[in-house]
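Enquirer: Numbering-wise, the sequence shown is residues 31 to 258 according to the numbering used here. Cβ coordinates follow ideal geometry from the N, Cα and C atoms, glycine included. Structure in structure tokens, see below.
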Amino acid sequence: MKKRMQQLAIVIVITTSLLLSGCSLSLLPDFDSPPDDDPLPDSGSDLPQSDPEFKVPLTDGFDFPVGDRNGKGWGVTGYGFLDWSNYSGTWHPGEDWNMYGSPTADLGKPVYAVANGIVRFSGFNSAQGNIIMIEHHLPDGRMVWSQYAHLQQRWVSEGEIVGRRQMIGTVGQGPNNTFSPHLHFEIRVRYLPQNGWPRTNGQAWPKSKVLEYYAHPTQFINSHRPAN
Ligand SMILES: [Zn+2]
């Protein structure tokens, strides 16, 4: 009788430990989770791999990123494209958009995706604050990237498909409210990482090199308006 009790006890111990190990296996962390972020790369790194699981809709035209689809009520009253920026010591690679009216009128106002695309970056950068970068696939096979910086809020995440005129965030003032409220907006015609800026090792790129990577935002939009 005593021996049977011992055998029973052994069976119970083995069964219990098997069950527990089975449970703990299912609770193990996911080893597919990505490694820690790499340090931020310099400008000019390779294009990221495309995501076959996402079908990125082609663009059907470009609208303006603030105001109505024509940018009504807003204008580039800050740095324009290729203005020399004393603040950054570079040619300004985008446009600084403000709402007409008081200097803070645009704080918290919506920012819109200028065209259909996929969000390639949505996050924070210590130089420019909250940033969203959207990759756009044009019907002719080209790709361009729109970049929205100094945002107060970000409403989309990396990998998300967005449509033209979708609200993606709000106008802000950059990290620690560094700037008066405005939208820093870029159109890139060659890939740069989200923290790309037209300088290398502290040296400003010449205008000719800036133009290899960036387009004049307003001119680009005006030459790619939707049919309706
Ligand atoms: Zn700017």
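1. Note down, in chain order, each residue of its chain lying with its Cβ closer than 7 Å to the Cβ of Glu242, except the 5 sequence neighbours on either side.
2. Taking 6 Å as the cut-off, is the C-beta of His246 nearer than that to any heavy atom in ligand 1?
3. Pick out whichever of Gly119, Gly147 and Val106 has its Cα sitting closest to the Cα of Gly131.
4. Would Glu125 pass as a contact of Gly110 if the rule is Cβ separation under 7 Å?
5. Locate the beta strand (DSSP E) running through Thr200, then write down its first and last residues.
6. Does the beta-carbon distance from Phe209 to Tyr178 come in below 7 Å?
7. Give the single residue among Arg99, Val86 and Leu88 whose Cα lies nearest to the Cα of Ile251.
8. Are there any heavy atoms of ligand 1 lying less than 6 Å away from the beta-carbon of His214, as far as the coordinates show?
9. Where Lys85 and Val149 are concerned, what is the direct C-alpha to C-alpha distance, given to the nearest angstrom?
10. How about Tyr130: is its Cβ closer than 6 Å to a heavy atom in ligand 1?
Expert: In brief:
1. Arg220
2. no
3. Val106
4. yes
5. Met197 to Val201
6. no
7. Arg99
8. yes
9. 12 Å
10. no
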